[in-house]
Each structure stands twice: as structure tokens, then as C-alpha cells.
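Protein chains in written order, with the working numbering: chain A, 150 to 473; chain B, 3 to 497.
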């Protein structure tokens, strides 16, 4: 806290404050990477690093939206289902109805965003608690996703679609990773430097103070849920490209991974503190951890236990640090 | 009185947090059947001292004796078991539980392993009746007035058979009648031999009920008076450690131009009905009345925070009846709300951010802003208002007076035409109050129409050029400064 009183300049002035409250997770990430570098001979390589990036694209895009929601003190349990719905809409429009991708993708994203609009309106107009409203949306959208093909998967996308997730442009970035990085940067800039982004902190800190300060809390809340659903839909596009197919059972419990990434990154579930910077680190921790555990041939069941332990560790460390 | 042995003796009590010493060896004796006022500005060490007595905090050095035996409570439970009842300034009631459950929380009367609801409610009813509270014990706490909730807190302590009662600002939220009721109870407890430590910022009532006054400053006991009726000025001077020239500044002369006019305003909840008044440019307009008279509801409606059922608000003759705070703010009508912590500032955000939240539109260039720009913007106001703190510091670390300056600063940056202050000095040190009053006068001098709502009669009388008195949601009358005094206001308020 004392440190940010001092004026910062240049690079450090932009990046370091974004990580405020996330220094603990950042240290955790570095320690984890150091450990894996020594524990396995495959971890420290450009190839493996690019693999990790590929693996976190879906979670990364989704977690940015979740960060906004949690920042205003809300929660969105529907993102996994919304993702599946967007994927099925995409598959139906493109493969079954023959709509070109250039139109099918925006329509799928629109379908996803509508879910957020409904959830946001339920929360603001009808005072349904966010937990309940999005729990209901989770069930509804999952059902709708299944209804489109009666539970069947859809294959047969154009070949270039899958290539987006495979071809590394310049030997480095796949298009899907590029999408994630763009979402990270836009999210980070919006949250730190836009009027609309700073308002989210006020709402999460104390919604009544924000309202009395003349902030349109209702509108901001609806927008946040729309954006979160939009990004869930976008993460669905990324997953569809990676899998080259869509199925309505995709994304089950992804909302919990997204919440975990946000929380590991230091954003408080009660709202008002944290941000995208921390979430990026949270996503990287989960990605690196999964990757490392695979390299160490740890069983998937054990991986679940370890990830749970990391969540507990991250949150208690943060609470302890604050108390001191 | 002094020939009896004390209930509680403190000798050389010290407390340090790391290198910071907050208590420097305090001696204090409390005898049975006396009310001792513990006075001092915020940060003087009153709360730390009472927390040590009630077992919430452990002293770093010093001894305590309770009824002749060494006393060192390790936690609040131990202190309660000895017979120390502490009533905190901030209410600690559970709104979704019944009154009886709140009174007996954690020590429910049991019968064969089950909660004995009948006994519990009966005992709660007796406790409530002792305080003259006529509410059914099975009613939920939610929705009760702050005053009633405060009395329930006291009922809770009384059912513990406390030998020593610590009351921290018990009347901060009470109206005149409820305060008198509380005082009658305190008299009765005194006659039963209970010792009472009474912490309050309202010096008038201290004179009324206390037998002894202990004044603290900077963690030490600086003065002790063996009687209660010490002149307020003498007490205040002991508290602030310097002599005061004046409490209230001179009022500016208002212009004849009417800025704000309210016509026949009523609330959907009927909390206030058919209110009409006008405030001139550069005038400070006071609103007085008892708890529940509808003052807060009225000013919240004028500033768009609460809905309006009928009537209108005019600014310079133009109808501007607000539908939301955003609406009112756009017209330059702003509210400094009653509850700073819940409505005024975000406690765990920085001062600069708090000031920024009401002004993001102005700070931003085409919607872009940065922490640095917000801080630079705020820094200017922090200096101008003499807020003791830096822009990066959390608002929660500030004293009440400085928090209030932050709330004011965030509005004044918008150059408002009407500023409404609801209980502007509640919970703020006597020393810091005069600087808030100065700010109010500066506003008026700059041509702002100011409305001040206050339960503190002395305050309304001191700062207003006209006073509207409300009673049970209706306007009982508007008094000019020359005709207003505590008697004329109370007469109207109790109609």
C-alpha cells in the first residue's frame, strides 16, 4: 500500500500496479516454474511454454469475464453452459444450416451475450441474487445446448477453422492464443484506464456509495454480465477451433475453473479488489500446474486434489498477508 | 462514595501495537453505583481502554483488579462471565433473528437439550420491559429503528447481570425521548450498585448523568473532574489540550435569490408528507426533529436517493424532481449521507479513488483515465480540505472527521448548487467538528444553498440561519434564527 503512493513511471508504472494484490500469486508462479524446471527436463523449453499457452486459451478468455463479474461482487455460474450453447449454435449454423463462418461466429457470440443480458436483468430488475440467477441460467442454457442436436456432437467445420488453433504464425502464436492475448490486453486496459472499468471497483467496494455518487449501478451490472457471457461464448469459439467439433456436454464445471483462476489471482469474492492482472497469473498458475503435473505423470485424480490445495493456499496466504 | 472499595481498578495500563504506544500507563477506579464519563477525541485511547476492560484486547503492561482479585480476561467471554457488559458503538445485532434470540445469543436457555423458546422469550420480555420497550420479543430485529436496536443491545447486557457496564456512544443514534428513557435506566442501574463507564461525544448529556469525568488525550489520562456538571467549554479544552475561541463560526448573510424550492413533497412510504420550503443562495437551512421524524428520508428524496410519491423539487424555479442520484447530481444537488461507512466512502479503497468515484467523468479524457490522474485530481482537494492523509491511503484508516472531509471533497469538486449534509458530525471529535462547520460556512459563502440535518440541537442552532422542525413526517414549523432555541425547537418537534 505504501509503495503505490510513490509515483511510478514507464513500464513499471503500467504493469506493476496491475499486479497489485497479486504479488503473492506472482511469487507462487515463479516458485512453481523454478520447481518444475528442476523436477523435469521437459518443462523449460519454448515448445512446452507454447503448449501451456495453447492449453490455457479457453480458461484465459473465460476468466477475464469472470473477473469483471467478481469485481462487482457478483458471480456467474452459467459460463460453462453458455460456452456450450455458443458452440452448438455455431455448429448448427455452419455445418447444418450452411451459414458461412463469418456470420455464424457473430451470431453464436450474440446468442451467448443474450444469456448474460437475461441474467443481468434478473439480477438488477427482479433482485434475484446473482448466484441463483446464474444457477438457473446454467441449467437453462445447458438444456438449450442439448436440444439443438438432441445431445449429439457436430463435426465438419471448414479446414481452416481448426488450423487457427494449430498453425503457429511466425513459428510462435496460434490465432487462438492471439485471441486470448488480445482479450487480456483489452481487459487490462479497460479495467485500469477506462471510466467504465474504474466504476466496477466502486460498485464492488460498496454499491450504495457508488449509486449515491451518481454511478448507474444497474446498467454497469447488466453490462458486466453481458460481457462475461460474450467472453464465455468467445472461449467456446476457441474450444471449437481446438477440437474441430462441438458437443453440448462441453464446458461442464468450467465456471469453477474460471472462479478458481480469479480467486488464485487475488480478486476478492466480496468484490472491489483485485483485477485482470492477478487473473492472468491465476490462469497461468493453473495452466503451468496442470502441465507440470502431466509431465511428472501425476494421475488426473491426484491433480484435482493438488489444484484444490493450491486454491486454499493462495487464498489463505493472501488473507494472512493482509492481516499482517 | 470513595470509602467503598472499587469494582474495578486499573493501574499503569499500557498498550502498544508494535512500536506505536497507544496507552501510556492509565490508572482508573470504578466504584459501585457511579457513572464515570470517559471522554477524549478519537484516537485518545478510550476504545482501547474499554476493549482491555472487556477482554477484547490484552494490555502490554499494568494490572487490573476486579472486586479485590487480580483480573486479566483472556477474551470477551471471560470478561462477560465476570460481569462486564460492553455495548459497542456499532450495533452487533443479527437482523434475521428475533429479538429474544439476539438477547440470548450464545447462551440460550435450554430444556432437556433443546432451546427453551418460551423461557427465552419470557426473560427477554422482562428485560425489554425494564427498558420500557414495548415490542414483542419474537419480532425480528430487522426493520426496528436504530434507537430501539440500541436499547435491545442494552437489554442484552442487562440480562447478563453485569456489575460493570461500558456504554460506547449509546445515544449516538437515539432521539430525545429514547435518550431520556436510557438515562432513567442508567439511574436505576446506579441505584442497584452497577458501575458504568460512559463514553460519549455529546457533552451536554454527560453533564446530565455522570458523577465523574475522566478526560483522556493521546493515550493518557489528562484530567479528572469529581463531578459531572463541568462547563462544556472546560471539558472540551481538556480534550483538545488547548483553549477554544469558538465552536461555531459566524454565519454568512444569505442572498435573496431562492436556489432550491420544495413543494408538497411526500414519500411513497409516508415517512414524510406534504413538505414545502425553500433555501436561498448562500443560506444554511437546518432541519431538526426527533428520531423517525422523516428528516433523513426527506433529504434522501430531494437528492434522488429515495423515491418521491408526489410534489416537486425546483432549482432556480425550474422543476428538477430527481428520479435517481445521477439525476440530482447532474442538476448540482448532492448528498453527504448520514452513514459515512455504509454510504459515504468505500472504506478499503484509497482516498483518491473515493474522491474520484464521483468525478470519473471529469477526470477522464474521452473516457480514458489512470490511477495517477485520479490521484493528481484528488491530491488538490485533499490539500484544500486539510484531509490528514495521503491520496494512496485507504479511507478506512482515516478518522471520522477526515472521512467526512473526503465525502465533502468528492462533491465539491463538482461545484454543486445545493449541498445536503445529513448528520455531518455524527461520531466526529469535538476538535474536528469546528473544521467541518468552517467548511459548511465556506460553502454558503461561495453561494451554495446548504441543508444541514442534525439530531444535535446545539449544532442545528449553531449553523443554521433558518430551521425547519419536523415531527412524525410533517413539517411542524420553520423558525428564524432569532426565534430558534432549544425550547422552541423541542416544542415543535414533540407536537
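Just so you know, even glycine gets a beta-carbon here, dropped at the ideal spot from N, CA and C.
The beta carbon of residue 438(B) lies closer than 7 Å to those of 403, 406, 426, 427, 430 in the same chain, with the five residues before and after it left out. Contacts with chain A at 8 Å (Cβ-Cβ) include residue 372(B). By the neighbour-count criterion, in which a residue is buried when 16 or more other Cβ atoms sit within 10 angstroms of its Cβ, residue 390(B) is exposed. Distances from the alpha-carbon of residue 184(A) to those of 346(A), 445(A), 392(A) put 445(A) closest. Segment contact: the region 315 to 330 of chain B against the region 481 to 493 of chain B, fewer than three CB-CB distances shorter than 8 Å; contact not assigned. Contacts between residue 179(A) and chain B, judged by CB atoms closer than 7 Å, are missing: the closest CB pair is about 25 Å apart. For residue 310(A), the uninterrupted alpha helix (DSSP H) run begins and ends at 308 to 312, by DSSP.
Here residue 451(A) is exposed. Its C-beta has fewer than 16 other C-beta atoms within 10 Å. By the Cβ test, the region 447 to 457 of chain B is in contact with the region 284 to 300 of chain B, since at least three Cβ pairs between them sit closer than 8 Å. Between residue 209(A) and residue 333(A), the beta carbon gap of about 7 Å places them in contact (Cβ cut-off 8 Å).
Listed as beta-bridge partners of residue 226(B) by DSSP are 216(B).
Proximity of chain A to residue 323(B) at the Cβ level (cut-off 8 Å) is not reached, the minimal Cβ distance being about 16 Å. The beta carbon of residue 234(A) sits no closer than 8 Å to any beta carbon of chain B. Relative to the Cα of residue 267(A), the nearest Cα in the group 279(A), 256(A), 257(A) belongs to 279(A). One finds 361 in chain A with Cβ atoms closer than 8 Å to the Cβ of residue 339(B), taken in chain order. Contact note: residue 343(A) reaches chain B through 369, 370, using a C-beta cutoff of 7 Å and chain order. Of the candidates 197(A), 286(A), 448(A), the residue whose Cα lies closest to the Cα of residue 262(A) is 286(A). Out of 424(B), 36(B), 71(B), 162(B), the CA that lies nearest to the CA of residue 190(B) is found in 36(B). When secondary structure is reduced to three states using DSSP, residue 12(B) falls in the strand class. Here residue 332(B) is not bridged, per DSSP, to any residue. Using a CB distance below 8 Å, the part of the region 314 to 344 of chain A facing chain B consists of 341, 342, 343, 344, ordered along the chain. Contact of residue 257(B) with chain A is not assigned, every C-beta pair being separated by 8 Å or more.
Look at residue 19(B) here: in three-state DSSP terms it is strand.
For residue 328(B), the chain A residues whose Cβ falls inside 8 Å of its Cβ are 363, 364, 365, in order along the chain. In this structure the region 138 to 146 of chain B does not lie against the region 195 to 202 of chain B, because fewer than three pairs of beta carbons, one per stretch, are closer than 8 Å.
In the three-state reduction of the DSSP assignment, residue 38(B) falls in the strand class. Annotated three-state conformation of residue 30(B) is strand, per DSSP. Look at residue 123(B): its C-beta is not under 8 Å from any C-beta on chain A. By the neighbour-count criterion, in which 16 or more other beta carbons inside 10 Å mark a residue as buried, residue 180(B) falls on the buried side.
Check the Cα spacing between residue 381(A) and each of 407(A), 395(A), 398(A): the tightest is with 407(A). Listed along the chain, the chain A residues whose CB falls inside 7 Å of the CB of residue 331(B) are 363. About 7 Å separates the CB atoms of residue 428(A) and residue 213(A); that is less than 8 Å, so the two are in contact. Residues of chain A with a Cβ closer than 7 Å to the Cβ of residue 346(B) are, in chain order, 358.
Per DSSP, the continuous alpha helix (DSSP H) segment holding residue 413(B) begins and ends at 402 to 414.
In the three-state DSSP reduction, residue 325(A) falls in the helix class (H, G or I). When the beta-carbon positions are compared, residue 442(B) and residue 432(B) stay at least 8 Å from each other.
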